[in-house]
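Chemist:
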Amino acid sequence: MTIQLGLIGHNGHIGSALLPFLLDANEKGKIHLVILHRPSSDLGVIPTKIERRIIRLDDHTDEGDQVNKNAVEGLEVLISTMSDASLHVQLPLLDILAASKTLKTFIQSDFGVSWTASEINDSKGLQTLVPIKEEINKKMKDLGIPWLNVRIGLLVDYFFGLKFLGTDVQKNKIVLYKDALNKPLRLTSSKYLGHALTQLILTSSSNLDSLNGRAIHIFNYTPSGQELIDTFQKVHHRQPIIEQYTLEEYERDSEDTNLVMSIKAGLLRKWGEDTWSTFDDEEILPHDPTWTGQRDLQDVLRDFM
Numbered sequence: 001m002t003i004q005l006g007l008i009g010h011n012g013h014i015g016s017a018l019l020p021f022l023l024d025a026n027e028k029g030k031i032h033l034v035i036l037h038r039p040s041s042d043l044g045v046i047p048t049k050i051e052r053r054i055i056r057l058d059d060h061t062d063e064g065d066q067v068n069k070n071a072v073e074g075l076e077v078l079i080s081t082m083s084d085a086s087l088h089v090q091l092p093l094l095d096i097l098a099a100s101k102t103l104k105t106f107i108q109s110d111f112g113v114s115w116t117a118s119e120i121n122d123s124k125g126l127q128t129l130v131p132i133k134e135e136i137n138k139k140m141k142d143l144g145i146p147w148l149n150v151r152i153g154l155l156v157d158y159f160f161g162l163k164f165l166g167t168d169v170q171k172n173k174i175v176l177y178k179d180a181l182n183k184p185l186r187l188t189s190s191k192y193l194g195h196a197l198t199q200l201i202l203t204s205s206s207n208l209d210s211l212n213g214r215a216i217h218i219f220n221y222t223p224s225g226q227e228l229i230d231t232f233q234k235v236h237h238r239q240p241i242i243e244q245y246t247l248e249e250y251e252r253d254s255e256d257t258n259l260v261m262s263i264k265a266g267l268l269r270k271w272g273e274d275t276w277s278t279f280d281d282e283e284i285l286p287h288d289p290t291w292t293g294q295r296d297l298q299d300v301l302r303d304f305m
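Laid out in structure tokens, this is it:
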């Protein structure tokens, strides 16, 4: 049976990771893909035969509500990949989704890690971000909206490309905090995320209700700090520079209201303490044996040199 699936945020980092796999599933007749987009969105990457529907999440008039009702009509799965800065605009959409007679699961914009209470309490940035996510989650549950929460590791492109935690492939430098030398760093490649989430939906097509109420972690690399050191050494043919992130730096970055700095500090702590899965009701998505795109970490590093 063809799944009626909507995607919000096709141009963002997560949305563009999912899009090729959703387009492939659409081409094979496994899903009917609908792109929900703002009137001003760039649709250049969307094939002309793919259905598009206007959505106006920041329009709270009766006309805007009707546009949004039309946008989600008939959808069984809705994936939203909006950025953290736009999370709050999803709240009015929840009332509309609650009235849907077809929706089986809403995969809402998060695609992040699970923060512990201690990590949140340490971080001014997380104290701003997390309550918004919790408000969305609470409202979904209160309204009885079926939901699937997707958790991921740090994106490979962010860790190696954006040098988000300070590690720099080109400079042959690795930044460690606490016991990161011996603890795993969860990394998720964009392509694996797109493949794994699409396959999860497709393999649940006969019972989409089975996705409801689950929190699933998707990641495909778990190198320890030592394994990263060994990999850097093999690629560069010399020992990497090891830089220790200090408690003083952690406290400084945690106090920063800049969300990027707060998340950096939180992720370095999470790696050093191995607190990736923190809640009993969360599950790790088993590695998909149909995935043929897994690459050796040495080859991944070379992409960023």
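For the sequence shown, UniProt numbering begins at 1 and goes up steadily by one. Virtual Cβ for every residue (Gly too), placed ideally from N, Cα, C. Because the structure is a prediction, the values reported are computed rather than measured.
Could you tell me the boundaries of the beta strand (DSSP E) in which Ser80 lies?
Modeler: Taking the sequence shown and counting its residues from 1, the one referred to as residue 80 is at position 80. Element bounds for Ser80: Val77 to Ser80.
Chemist: Taking 7 Å as the cut-off, decide whether the C-beta atoms of Ile79 and Asn68 are in contact.
Modeler: As a working mapping, residue 79 is identified with position 79 in the sequence shown. As a working mapping, residue 68 is identified with position 68 in the sequence shown. Contact flag unset, no.
Chemist: Judging by CA-CA distance, which residue of Phe159, Ile14 and Leu57 is the nearest neighbour of Ser40?
Modeler: Translated into positions along the sequence shown, residue 40 becomes position 40. The shortest C-alpha separation from Ser40 is found at Leu57.
Chemist: Going along the chain, which residues of its own chain have a beta-carbon closer than 8 Å to the beta-carbon of Ile241, five neighbours each way excluded?
Modeler: Position 241 of the sequence shown, counting from 1, holds the residue named residue 241. These residues qualify, in order along the chain: Lys171, Asn172, Lys173 and Ile174.
Chemist: From Asn212, Leu103, Arg214 and Arg186, pick the residue whose C-alpha is nearest to that of Ala71; which is it?
Modeler: On the sequence shown, residue 71 is found 71 positions in, with the first residue counted as 1. Ranking Asn212, Leu103, Arg214 and Arg186 by Cα distance to Ala71 puts Leu103 first.
Chemist: How should Ala196 be labelled, buried or exposed, when 16 other C-beta atoms within 10 angstroms of its C-beta is the threshold for buried?
Modeler: Locating residue 196 in the sequence shown gives position 196, where the first residue counts as 1. So Ala196 counts as buried.
Chemist: Please classify His217 as buried or exposed, where buried requires at least 16 other C-beta atoms within 10 Å of its C-beta.
Modeler: Counting from 1 along the sequence shown, the entry for residue 217 is found at position 217. His217 should be labelled buried.
Chemist: Quick check: Leu33 and Asn26, are their CB atoms within less than 7 Å of each other?
Modeler: The count along the sequence shown starts at 1 and reaches residue 33 at position 33. The count along the sequence shown starts at 1 and reaches residue 26 at position 26. In this structure, Asn26 lies closer than 7 Å to Leu33 by Cβ.
Chemist: Please state whether DSSP places Ile145 in a helix, a strand or coil.
Modeler: Within the sequence shown, the letter at position 145 stands for residue 145. Three-state result, Ile145: coil.
Chemist: If you draw a straight line from the alpha carbon of Gln4 to that of Asp230, how long is it in whole angstroms?
Modeler: Counting from 1 along the sequence shown, the entry for residue 4 is found at position 4. Counting from 1 along the sequence shown, the entry for residue 230 is found at position 230. Whole-angstrom Cα-Cα distance: 46 Å.
Chemist: Quick one: what does DSSP say Ile263 is sitting in, helix, strand or coil?
Modeler: For this step, residue 263 is matched to residue 263 along the sequence shown. Note: Ile263 maps to helix in three-state DSSP.
Chemist: Going by other Cβ atoms of all chains shown within 10 Å of its Cβ, with 16 needed for buried, is Asn121 buried or exposed?
Modeler: As a working mapping, residue 121 is identified with position 121 in the sequence shown. Flag for Asn121 reads exposed.
Chemist: Alpha carbons only, please: which of Leu7, Phe304 and Leu285 is nearest the one belonging to Ile107?
Modeler: The count along the sequence shown starts at 1 and reaches residue 107 at position 107. Checked all of Leu7, Phe304 and Leu285; the closest Cα to Ile107 is Leu7.
Chemist: Per DSSP, which one or two residues make a beta bridge with Thr105?
Modeler: In the sequence shown, the residue the question calls residue 105 occupies position 105. Paired residues: Val77.
Chemist: Within this structure, are the beta carbons of Ser262 and Leu93 separated by less than 7 Å?
Modeler: Your numbering for residue 262 matches position 262 in the sequence shown. Your numbering for residue 93 matches position 93 in the sequence shown. Taking 7 Å as the Cβ cut-off, Ser262 and Leu93 do not qualify as a contacting pair.
Chemist: Ignoring anything shorter than 3 residues, give me the beta strand (DSSP E) runs that lie fully in the stretch 21 to 52, in order along the chain.
Modeler: The stretch 21 to 52 contains these whole beta strand (DSSP E) runs: 31 to 37.
Chemist: Is it a yes or a no for the stretch 265 to 280 touching the stretch 200 to 213, going by three-plus beta-carbon pairs under 8 Å?
Modeler: Taking 8 Å as the limit for Cβ pairs, the verdict is that the stretch 200 to 213 does not touch the stretch 265 to 280.
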